[in-house]
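Have a look at the structure below, then the notes.
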């Protein structure tokens, strides 16, 4: 296989690896990356089941994967939108708030410490990469600039928004009076109040940064990644916010070589995965396999009956377009031909590619023969008497009795040339010596010929009946 690898194939692998790595870096550190990794594991299991021939399991995983993709798009639409926004070439022209965010840190920190000196409780949430829409509830939209006056009016003791959290998003106060999920960590110190537990709960579930002001102690605490850090001074709070929130501030230029060889573990893992996927796709690509497909006719006109099909099966050459397609030898392939245009006598029907139902990744290279011939005849239906097929003789004391069949007649249907000469039909054999007066016996009918159908499925009732003696 290595000798057949083209430059285009190498470029194909590198491009896919680059795109997947960009996707990884965009979602790294968010809740979505964990779901994407889980989806990747399900995909690997799906391909393994396809390779091992576990068709029911692979079908279930395929249908489940379709549902999961839709759910991921719905649940993580915010993260996806942010990732696409990062990919946009115009984002640097639109993100004017990024240049002003750093200048706000000092003003925010000074305001928060002033509020702490006044024992004014507060809970301020800074949104980072992950969306907090499904974690923060009952928020009141504000969409206003951050200023000391606005922060003090929101958290002023007795104000309507005092007991909730305020959300800072894109350099502005987006929401106020928000409710946060409480921490379920049993090791949280008992002296911490509801604000600290709520801040811990949100930081455990997202990458948000939360600043808490304690009314009782007048302390400023910062919560991040499920941990609390007491801020000793305004300078420490500014430095910490600067470190955690300023993700888009320009960093020193990095050489191409440093970019290429940094973070090698995920890069090599993605490269290996793309290579394996490429091998799966290109294995058996172009391979041609011949399979035999039986011919199935449908749509035969109502007044005709099929006598024979020549031939009864065709040979189909299947070409594999991908290694992910199922092996042709394991397909239950049939040729579904339309015989609605058949006439009485001989009719030729061409076999087309559309007469076969193929899975993705396979195509038809040739069909042999390209047509079949069918013989049909006019269908005839008529009623004929039913006769009991007796073996042996009746006992001497029953010689005056006659054998009666109920019903006395049945309808038969088949080719006219075969139905016309039929004068009666017979039941399965019955031993005449075992017949008894007053008893009934059930016997099935025997089709007179292979292509003649009996239009009655229920068995025939046989009994003895007295008959008049001739004088």
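Numbering (the numbering used here), first residue to last: 295 to 765.
Using N, Cα and C, we set each Cβ at its ideal position, and we do this for glycine too.
The Cβ atoms of residue 333 and residue 362 lie closer than 8 Å to each other.
For residue 456, the closest of 448, 738, 482 by C-alpha to C-alpha distance is 448. As computed with DSSP, residue 725 is found in a beta bridge with 685. The residue from 628, 407, 693 with its alpha-carbon nearest to that of residue 509 is 407. Residue 713 sits close to residue 676, with the two beta carbons spaced by under 8 Å. Boundaries for residue 534: no beta strand (DSSP E) harbours it, while the alpha helix (DSSP H) harbouring it runs 528-539, taken from the DSSP string. DSSP, read as helix, strand or coil, puts residue 586 in strand. Non-local beta-carbon contacts of residue 679 in its own chain, meaning distances under 7 Å to residues more than five positions away in sequence, involve 702, 703, 718 in chain order. By the beta-carbon neighbour count (other beta carbons within 10 angstroms, threshold 16), residue 639 is exposed.
Annotation: residue 607 to residue 750 spans about 32 Å, alpha carbon to alpha carbon. In this structure, the straight-line span from the alpha carbon of residue 350 to that of residue 663 is close to 33 Å. Inclusion of residue 726 and residue 673 in the CB contact set at 8 Å is not warranted, their separation being larger than that value. As the crow flies, the alpha-carbon of residue 738 is around 35 Å from that of residue 631.
Each residue's CA atom was taken as its position, placing residue 540 and residue 621 some 54 Å apart.
Taking the Cα positions, residue 530 is about 26 Å away from residue 469. Within the model, the alpha-carbon separation for residue 317 versus residue 438 is close to 33 Å. Note on residue 367: under 16 other CB atoms within 10 angstroms of its CB, so exposed under the neighbour-count rule.
Under the three-pair Cβ rule at 8 Å, the segment 517-531 does not count as touching the segment 457-467. Taking the CA atoms as reference points, residue 320 sits about 12 Å from residue 330.
Short of 7 Å from the beta carbon of residue 499, and not among the five residues preceding or following it, lie these beta carbons of its own chain, in chain order: 429, 475. Taken atom to atom, the span from the alpha-carbon of residue 480 to that of residue 494 is near 12 Å.
Straight-line spacing of the CA atoms in residue 667 and residue 641 works out to 6 Å. Taking a C-beta distance under 8 Å as the contact criterion, residue 471 and residue 434 qualify as a contact pair. When DSSP states are grouped into helix, strand and coil, residue 748 belongs to the strand group. Here residue 518 is bridged, per DSSP, to 521.
Annotation for residue 355: 336, 339, 340, 343 place their beta carbon closer than 8 Å to its own, counting only its chain and skipping 5 residues before and after.
The straight-line gap separating the alpha-carbon atoms of residue 601 and residue 707 is approximately 13 Å.
Looking at 442, 626, 612, 698, the one whose alpha-carbon comes closest to that of residue 589 is 626.
Across the set 307, 315, 305, 301, the C-alpha of 315 shows the shortest separation from the C-alpha of residue 553. With fewer than 16 other beta carbons inside 10 angstroms of its own, residue 730 counts as exposed. For residue 712, the enclosing alpha helix (DSSP H) starts and ends at 710-713.
Non-local C-beta neighbours of residue 466 in its own chain, meaning closer than 7 Å and more than five positions away in sequence, comprise 437, 438, 439, 440, ordered along the chain. Counting the other Cβ atoms within 10 Å of the Cβ of residue 432 gives fewer than 16, which makes it exposed.
Residue 691 and residue 705 have their C-alpha atoms spaced approximately 35 Å apart.
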